[in-house]
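Residue numbers (my numbering): 24 to 272.
Think of the CB as a built atom: it goes at the ideal place given N, C-alpha and C, for glycine as much as any other residue.
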Amino acid sequence: MNSFISWIGGKKLLRKKIMEQFPGDFDRYIEVFGGAGWVLFGKEKHADMEVYNDLNGDLVNLFRCVKYHPDALQKELDWILVSREQFFDCVAQNNIQGMTDIQRAARFYCRIKLSFGSDLESFGVRPRDLQKMIAYLREVSNRLNKVIVENADFERLIKTYDRKSALFYCDPPYYHAEKYYTDRFQLEDHVRLRDSISQIQGKFILSYNDCPEIRKLYIGYTLIEVDRQDNLVSKTNPRRYKELIIKNY
Ligand SMILES: C[S@@+](CC[C@H](N)C(=O)[O-])C[C@H]1O[C@@H](n2cnc3c(N)ncnc32)[C@H](O)[C@@H]1O
24 MNSFISWIGG KKLLRKKIME QFPGDFDRYI EVFGGAGWVL FGKEKHADME VYNDLNGDLV
84 NLFRCVKYHP DALQKELDWI LVSREQFFDC VAQNNIQGMT DIQRAARFYC RIKLSFGSDL
144 ESFGVRPRDL QKMIAYLREV SNRLNKVIVE NADFERLIKT YDRKSALFYC DPPYYHAEKY
204 YTDRFQLEDH VRLRDSISQI QGKFILSYND CPEIRKLYIG YTLIEVDRQD NLVSKTNPRR
264 YKELIIKNY
């Protein structure tokens, strides 16, 4: 199934190639940098235990509300119209106190859905079937039924779930694309990630933009080159870029 949102760096177009590289023998699947969860949603079930994680608290709150309170969220979303005014109200209400988690999730969902390229800030003008989008949340809720939803930094998450039988899928912010994310991912975080996953008992699969710095960080691992369409720069005029799939098996 498809994810219910688009997200910067989302793996909608690459998920098939990523899943082709999954090993056959794992019983826990951990999506460390969850985002829109395109790979998670790419299969009805990856393993008996599945974990979705992201550091972004608004995103995780949205996932939790879809999972646990789909009806209440759908009700809250009923008032949404495709209007510039309402979109900017949602942006302005981002950090105000006193909202319930469901009210917060509805406003964040509205920002993702109504913004240009899901940048959360600029209003995107295009027709949308909002009723269909809102109805889809029920299916998403069913898919998330047994998925554990976490809101942690990758290092702690990896330590918590590491086992011999674990598969970690890591899709960190691209190297040199830090400005596109609210939670800044700096050079030391890329190094911290390499150090963290190089010590695990389980297996990892990692997707990155193909650049000399990342190739250097992952010398000694299996590197697979794949093509990706870049929509960070422009959705209307996409360019093709090389991406790397890196794994420790
Ligand atoms: C490239 S996106 C993931 C896209 C996702 N694979 C998809 O298909 O939509 C990277 C995600 O990492 C999250 N992130 C950034 N820093 C993080 C950290 N230190 N620990 C965990 N997640 C983090 C961001 O919030 C962002 O959602």
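Handout entry: Three CB pairs or more closer than 8 Å across the stretch 39-59 and the stretch 90-106
Key = no
Practice task
Check whether the Cβ atoms of V74 and E54 lie closer than 8 Å to each other.
Solution key: Taking the first residue of the sequence shown as position 1, residue 74 is located at position 51. Taking the first residue of the sequence shown as position 1, residue 54 is located at position 31. Yes. Within cutoff.
Problem - Cβ shell of L190 (< 6 Å), same chain only, five flanking positions each side left out - result: By one-based count along the sequence shown, residue 190 stands at place 167. Closer than 6 Å at Cβ, skipping near neighbours: F49, Y52 and K226.
Practice task
Starting from the Cα of Y184, find the closest Cα among Q224, L216, V163 and E162 and give me that residue.
Solution key: Here the question's residue 184 lines up with position 161 in the sequence shown. It is Q224.
Practice task
Would you mind stating whether E99 and Q126 have Cβ atoms separated by less than 8 Å?
Solution key: For the purposes of this step, residue 99 is taken as the residue at position 76 of the sequence shown. For the purposes of this step, residue 126 is taken as the residue at position 103 of the sequence shown. Against a cut-off of 8 Å, the Cβ pair of Q126 and E99 comes out as a contact.
Handout entry: M82 vs A129 beta-carbon contact at 8 Å
Key = Here residue 82 refers to the residue found at position 59 of the sequence shown. Here residue 129 refers to the residue found at position 106 of the sequence shown. As written in the sequence, residue 82 is Leu, which differs from the Met given in the question. Contact flag unset, no.
Exercise for the section: Using 10 angstroms around the beta-carbon of K265, count the other beta-carbons present and answer buried if the total reaches 16, otherwise exposed. Expected result: Working through the sequence shown from its first residue, we reach residue 265 at position 242. Counting other Cβ atoms within 10 Å of its Cβ, K265 stays below 16 and is therefore classed as exposed.
Handout entry: Identified DSSP bridge partners for I247
Key = Taking the first residue of the sequence shown as position 1, residue 247 is located at position 224. Note: I247 sits in a beta bridge opposite I268.
Problem - Touch test, the stretch 134-150 against the stretch 112-119, Cβ-Cβ under 8 Å, three pairs minimum - result: yes
Problem - As assigned by DSSP and simplified to three states, the class of R217 - result: Indexing the sequence shown from 1 puts residue 217 at position 194. Correct three-state label for R217: helix.
Handout entry: Cβ pair V62, Y192 closer than 8 Å
Key = Residue numbering aside, residue 62 sits at position 39 when the sequence shown is read from its first letter. Residue numbering aside, residue 192 sits at position 169 when the sequence shown is read from its first letter. Cβ atoms of V62 and Y192: closer than 8 Å.
Problem - Neighbour-count burial assignment, A59, 16 or more Cβ in a 10 Å radius - result: For the purposes of this step, residue 59 is identified with residue 36 of the sequence shown, where counting begins at 1. So A59 counts as buried.
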